[in-house]
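Sequential numbering of the sequence shown, starting at 20, is according to the numbering used here. Read the structure below first, then the notes.
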Amino acid sequence: MAAPAEPSGLTDEAAYAACSEPDASTKDFIFQQTMLRVKDPKKSLDFYTRILGMTLLQKFDFPTMKFSLYFLAYEDKNDIPKDKAERTPWTFSRKATLELTHNWGTENDDSQSYHNGNSDPRGFGHIGIAVPDVYKACKRFEELGVKFVKKPDDGKMKGLAFVQDPDGYWIEILNPNHMVTLT
20 MAAPAEPSGL TDEAAYAACS EPDASTKDFI FQQTMLRVKD PKKSLDFYTR ILGMTLLQKF
80 DFPTMKFSLY FLAYEDKNDI PKDKAERTPW TFSRKATLEL THNWGTENDD SQSYHNGNSD
140 PRGFGHIGIA VPDVYKACKR FEELGVKFVK KPDDGKMKGL AFVQDPDGYW IEILNPNHMV
200 TLT
């Protein structure tokens, strides 16, 4: 009896063959947000704005359900509409926003933590941030005390890094122009 084949990924042809042509009705769809649950919004907002340079676009509170949503993105704060009736649809029309969800009281619960998806059972992996210079960004992160999962020269994939946010979620730090050397 022959040994089973070594597992492998799809060939390029098989990957493209598995895809369908997008339906015309999806032409105006955008990838709008990724949501992460956070324990302490003060720590998370500080990290994503001061460390990663994102901008808080809008905050929503839901008192009856005891949670808040914070939408962040790489947008110029001067472009954010001042009027809430304009700001809300503007916020939800931005591409690739980060939605931080805070369930009230978790910041005071020492036993509360969220699963980052990188230990068993594995699931969610990471978000990615493109930067002009991975080494320069990582030098700054190191000076700011950011926790690293992987520094740019660690492991086999050189020139990209992984850092962790206050809740332990992984963030890939990459330069788009150098990704071709990794593939």
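Note that the Cβ used here is the ideal one computed from N, Cα and C, for glycine as well.
N- and C-terminal bounds of the beta strand (DSSP E) containing residue i
i	result
residue 56	52–57
residue 89	86–92
residue 80	74–81
residue 166	166–169
residue 193	189–193
residue 7	Residue 7 is absent from the model: the chain starts at 20 and stops at 202.
Contact belief for residue i with residue j at Cβ below 8 Å, rounded distance in angstroms
i	j	result
residue 116	residue 183	Not a contact, Cβ separation roughly 20 Å.
residue 244	residue 94	Because residue 244 is not part of the residues shown, which for the chain are 20 to 202, the question remains open.
residue 92	residue 74	6 Å
residue 86	residue 121	6 Å
residue 194	residue 150	6 Å
Cβ-heavy atom distance, residue i to the ligand ZN, below 6 Å
i	result
residue 31	Absence of the ligand ZN from the depicted structure is noted, as is the absence of any ligand whatsoever, leaving it without description.
Extent of the continuous alpha helix (DSSP H) run through residue i
i	result
residue 109	103–110
residue 153	153–162
residue 40	Taken as a continuous stretch (DSSP letters only), residue 40 belongs to no alpha helix (DSSP H), as it is neither H nor E.
residue 117	Run containing residue 117: none in the alpha helix (DSSP H); it sits in the beta strand (DSSP E), 116–122.
residue 60	60–65
Neighbour-count burial assignment, residue i, 16 or more Cβ in a 10 Å radius
i	result
residue 39	exposed
residue 69	exposed
residue 60	buried
residue 35	exposed
residue 143	exposed
residue 199	exposed
residue 64	buried
Own chain residues within Cβ distance below 6 Å of residue i, not counting five before or after
i	result
residue 167	182
residue 109	100
residue 56	120 and 133
residue 62	185
Cβ shell of residue i (< 7 Å), same chain only, five flanking positions each side left out
i	result
residue 169	180 and 181
residue 111	51
Own chain residues within Cβ distance below 8 Å of residue i, not counting five before or after
i	result
residue 81	87 and 88
residue 29	37
Neighbour flag for residue i against chain D, beta carbons, 7 Å
i	result
residue 27	Protein chains in the displayed structure number just one, and chain D is not present.
Take every Cβ of the segment 186–202, pair it with every Cβ of the segment 130–148, and state whether three or more of those distances are shorter than 8 Å.
yes
Would the segment 152–163 and the segment 173–180 be scored as touching if the rule is three or more Cβ pairs under 8 Å?
yes
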